[in-house]
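Q: Counting in my numbering, the sequence shown runs from 135 upward without gaps.
For glycine and all other residues, C-beta sits at the position ideal for the given N, C-alpha and C.
Quick caveat: nothing in here was measured; it's all calculated off a predicted structure.
Here it is, the structure in full.
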Amino acid sequence: MSRDCRLTINGKIVTAAPGVTLLDAALQGGIVLPQDCCTGQCGTCRVDVLAGAVDAAGTEERGSVLACQARLTGEAEIHFDPVPSVMKTGGTVTSVRDLAGEIVEVVVEVTKPVPYLPGQYVKVEFAGFPARDYSPTLTLDGLREINQLVFHIRRMDDGIVSAALGTGIAPGRKIKVRGPFGHAFLRRGEGRIVLVSTGTGFAPAWSIAVAARLGQPHRPVHLIASARDPRNLYMRPAMDWLAKHGVTEITMAASGANPLPPARHGRATHFLPVFSPDDTVFACGAPEMVAEVRTAALAAGARFYADPFLPSGGDIPLGMKIRNFFSGKPRKTSPVHAQIDALAESLGRTKT
Ligand SMILES: Cc1cc2nc3c(=O)[nH]c(=O)nc-3n(C[C@H](O)[C@H](O)[C@H](O)COP(=O)(O)OP(=O)(O)OC[C@H]3O[C@@H](n4cnc5c(N)ncnc54)[C@H](O)[C@@H]3O)c2cc1C
Ligand code: FES
Numbered sequence: 135m136s137r138d139c140r141l142t143i144n145g146k147i148v149t150a151a152p153g154v155t156l157l158d159a160a161l162q163g164g165i166v167l168p169q170d171c172c173t174g175q176c177g178t179c180r181v182d183v184l185a186g187a188v189d190a191a192g193t194e195e196r197g198s199v200l201a202c203q204a205r206l207t208g209e210a211e212i213h214f215d216p217v218p219s220v221m222k223t224g225g226t227v228t229s230v231r232d233l234a235g236e237i238v239e240v241v242v243e244v245t246k247p248v249p250y251l252p253g254q255y256v257k258v259e260f261a262g263f264p265a266r267d268y269s270p271t272l273t274l275d276g277l278r279e280i281n282q283l284v285f286h287i288r289r290m291d292d293g294i295v296s297a298a299l300g301t302g303i304a305p306g307r308k309i310k311v312r313g314p315f316g317h318a319f320l321r322r323g324e325g326r327i328v329l330v331s332t333g334t335g336f337a338p339a340w341s342i343a344v345a346a347r348l349g350q351p352h353r354p355v356h357l358i359a360s361a362r363d364p365r366n367l368y369m370r371p372a373m374d375w376l377a378k379h380g381v382t383e384i385t386m387a388a389s390g391a392n393p394l395p396p397a398r399h400g401r402a403t404h405f406l407p408v409f410s411p412d413d414t415v416f417a418c419g420a421p422e423m424v425a426e427v428r429t430a431a432l433a434a435g436a437r438f439y440a441d442p443f444l445p446s447g448g449d450i451p452l453g454m455k456i457r458n459f460f461s462g463k464p465r466k467t468s469p470v471h472a473q474i475d476a477l478a479e480s481l482g483r484t485k486t
């Protein structure tokens, strides 16, 4: 009978039988790795293999593997980027303000601060409306109070939630917030940060850009912000802030018509820089753009992160939508989700 293997996870040792996935081994040792789909599709559970060997099950990428697929074969050491636990809080809308074109800034005051990492998203339920995913960000002058969440939301004429901004959803409206979620968040590290956004994908890009400039000012930032309709290039004041804070590589672009200079005519992907293996690339917004940037970034050996803005689709989980988008294979429901929820509850955390 083969002996249990030792797996070191962020310095903590767990033991599990050979052949067990890294996600299960961690769980058996009381550690919940970040996860979503548990079927090898979303990429949320990607961990770095620091020492030893694992059966990567075909998921090896730049010394990292997907923990829900890779299996123990012997002693190994892995590392994952810790994320804040998912929590719930309530709050009240304090301001709804048109920024430009179809873009609205919504500010809410929350009862408990939500400890999100720059680039993550939360689930917001305005009272009387279904929940939607939004990326908390900053006002266009780079500000946010600790008990506030600031959102940039595109108003869609037929949108159940966004069409009600300023009418059904106005100051005083109660909200529920759950989160944070997502893995496209800023990590400390070295090398250039490249941010590519379409529309309100600028919300997470702006959050990451400001945190990077204030936290690691020596890291070059290259930002491309785009919209189809030039009137939706609402981020011009934010670009001024970035220029004042030493960011020289800034492009605004609109594909639908000629925008006012310095914005340029074209799609975001027309203006991509040449990527290098030292780059960390974030693509924020429309799934089609995300797919194009992902291909270019991975081909150059760069690190790549994205939580694409997929339309809400009834009860379909986000991991499944990401999987559908990237591969088209059917998603199997994993029993790991039930185990994780049970463990999370026993640790006093909110279910995901
Ligand atoms: C991880 C993540 C983060 C997000 N962050 C933001 C954010 O910060 N700001 C923001 O404005 N939106 C964001 N979204 C999109 C947001 O969750 C909603 O999908 C969007 O606001 C539309 O909701 P609605 O109720 O107004 O429209 P719905 O009633 O859900 O849809 C109305 C119509 O618009 C289409 N539609 C819905 N969403 C999209 C979309 N994203 N792209 C293209 N067509 C769409 C639908 O197919 C439908 O035809 C994010 C989505 C995800 C998955
Ligand atoms: S790829 Fe492992 S949790 Fe989604």
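Just list the residues that DSSP pairs P188 with in beta bridges.
A: Note that residue 188 is Val in the sequence shown, not Pro. Its beta-bridge partners are L206.
Q: Run the proximity test for G316: is its beta-carbon closer than 6 Å to any non-hydrogen atom belonging to ligand 2?
A: Not so, every heavy atom of ligand 2 lies at least 6 Å from the Cβ.
Q: Note down the Cα distance separating T207 from A433, rounded to an integer number of angstroms.
A: Distance between the alpha carbons of T207 and A433: 29 Å.
Q: Identify, in the order they occur along the chain, each residue of the same chain with its Cβ nearer than 7 Å to the Cβ of E243, setting aside the five sequence neighbours on each side.
A: Here the set comprises G225, T226, T228, N281, Q282.
Q: Judging by CA-CA distance, which residue of V154, T178, D215, R196 is the nearest neighbour of D189?
A: Checked all of V154, T178, D215, R196; the closest Cα to D189 is V154.
Q: Who are the near neighbours of A150 in its chain, counting only those whose CB is closer than 8 Å to its CB and skipping five residues on each side?
A: Cβ within range, chain order: D138, C139, L141, D158, A159, Q162, G163, L206.
Q: Quick check on the DSSP output: the beta strand (DSSP E) that includes F438 runs from which residue to which?
A: Segment 437-439, the beta strand (DSSP E) holding F438.
Q: In terms of alpha-carbon separation, which member of G197, N144, A201 lies closest to H213?
A: The shortest Cα separation from H213 among G197, N144, A201 belongs to N144.
Q: What span of residues does the alpha helix (DSSP H) with Q162 cover, start to end?
A: Its alpha helix (DSSP H) spans residues 156-162.
Q: Which partner residues of S198 appear in the DSSP bridge assignment?
A: S198 is bridged to D182, E195.
Q: Taking only heavy atoms of ligand 1 into account, decide whether any of them is closer than 6 Å to the Cβ of R231.
A: Checking the Cβ of R231 against ligand 1 gives no.
Q: Which two residues bound the contiguous beta strand (DSSP E) that contains G224?
A: Residues 221-234.
Q: Between L184 and the rest of its own chain, which residues show a CB-CB distance below 6 Å, the 5 nearest in sequence each way excluded?
A: Taken in chain order, the residues that qualify are E211, H213.
Q: Please classify I86 as buried or exposed, where buried requires at least 16 other C-beta atoms within 10 Å of its C-beta.
A: For residue 86 there is no data in the structure shown, the boundaries of the chain being 135 and 486.
Q: Got a sec: does ligand 1 put a non-hydrogen atom nearer than 6 Å to the Cβ of D296?
A: According to the sequence shown, residue 296 is Ser rather than Asp. Indeed, a heavy atom of ligand 1 lies less than 6 Å from the Cβ.
Q: Does the beta-carbon of D158, which I'm using as the reference point, lie nearer than 6 Å to any heavy atom of ligand 2?
A: No; taking the cut-off as 6 Å, the Cβ of D158 has no heavy atom of ligand 2 nearer than that.
Q: For E239, which beta-bridge partners are listed by DSSP?
A: DSSP output for E239 lists R231, H286 as bridge partner(s).
Q: Using a Cβ distance threshold of 8 Å, determine whether the segment 365-379 contacts the segment 231-242, with at least three qualifying pairs required.
A: They touch, by the three-pair rule.
Q: How far does the beta strand (DSSP E) with F416 in it reach, from first residue to last?
A: Segment 414-418, the beta strand (DSSP E) holding F416.
Q: Per the DSSP calculation, T149 is bridged to which residue(s)?
A: In DSSP, T149 forms a bridge with R140.
Q: Can the beta-carbon of C179 be found less than 7 Å from the beta-carbon of L200?
A: In this structure, L200 lies closer than 7 Å to C179 by Cβ.
Q: Measuring from the CB of Q169, is there a heavy atom of ligand 2 at a distance below 6 Å?
A: Yes.
Q: How many Å lie between G390 and R362 at the Cα?
A: Distance between the alpha carbons of G390 and R362 is about 5 Å.
Q: Looking only at DSSP bridge pairs, what is R266 linked to?
A: In DSSP, R266 forms a bridge with V258.
Q: R196: buried (16+ other C-beta within 10 angstroms of its C-beta) or exposed?
A: Looking at its Cβ environment, which holds fewer than 16 other Cβ atoms inside 10 Å, R196 is exposed.
Q: For a quick check, are the C-beta atoms of V355 and A345 less than 7 Å apart?
A: No, Cβ-Cβ distance for V355 and A345 is not below 7 Å.
Q: Checking contacts by CB at 7 Å: is Q162 closer than that to chain C?
A: Protein chains in the displayed structure number just one, and chain C is not present.
Q: Would the beta-carbon of D363 be found less than 6 Å away from any heavy atom of ligand 1?
A: Checking the Cβ of D363 against ligand 1 gives no.
Q: For a test of the three-state rule: what should DSSP assign to V295, helix, strand or coil?
A: DSSP places V295 in coil when its eight states are reduced to three.
Q: Only counting runs of 3 or more residues, tell me where the beta strand (DSSP E) segments fall wholly within the segment 299-371, in order along the chain.
A: The segment 299-371 contains these whole beta strand (DSSP E) runs: 308-315, 327-332, 355-361.
Q: Identify the continuous beta strand (DSSP E) that holds A387 and give its terminal residues.
A: Note, A387: beta strand (DSSP E), 383-388.
Q: Using CA atoms only, rank isn't needed, just tell me which of V148, G186, S269 is closest to G333.
A: Nearest of V148, G186, S269 to G333, Cα basis: S269.
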